[in-house]
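Structure record follows, encoded as structure tokens.
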Amino acid sequence: MTKYNITLDKEILHYLFSSNDKGIKMLLEQILNQILEQQRTEQVNAELYEHTEDRKAYRNGYKTRW
4 MTKYNITLDK EILHYLFSSN DKGIKMLLEQ ILNQILEQQR TEQVNAELYE HTEDRKAYRN
64 GYKTRW
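Here it is, written out as structure tokens:
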């Protein structure tokens, strides 16, 4: 079983402990995004922008939309 280390932003913790539904939404979004990112790394067998001989596939990038 894979173990994940989840990093939480201070803003998420603030909303989470203020009894606000926005905190739960932000927490779940952060956790799911980090899990998906780790799964992508494992599938490709390389970190983002890493060039290795063991690389199994390509990964498309993404950008934050404001």
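In this note's numbering, the protein residues as written are 4 to 69. Glycine included, every Cβ here is placed at the ideal spot set by N, Cα and C. Computed from a predicted structure; not experimentally measured.
Alpha carbon of A60 to alpha carbon of E50, nearest angstrom: On the sequence shown, position 57 is the one that residue 60 refers to. On the sequence shown, position 47 is the one that residue 50 refers to. The straight-line gap from Cα to Cα measures roughly 11 Å.
Inter-residue CB distance, L19 and L30 (contact presumed, cutoff 8 Å): As a first step, residue 19 is located in the sequence shown; it is residue number 16 there, counting from the start. As a first step, residue 30 is located in the sequence shown; it is residue number 27 there, counting from the start. Going by Cβ atoms, the distance from L19 to L30 rounds to 6 Å, so yes, they are a contact pair.
Own chain partners of D57 with C-beta closer than 6 Å, once the 5 adjacent residues on each side are dropped: The residue given as residue 57 occupies position 54 in the sequence shown. Only N48 meet the Cβ criterion.
Distance, T55 Cα to S21 Cα: If you number the sequence shown from 1, residue 21 lands on position 18. If you number the sequence shown from 1, residue 55 lands on position 52. Approximately 45 Å, taken between the alpha carbons.
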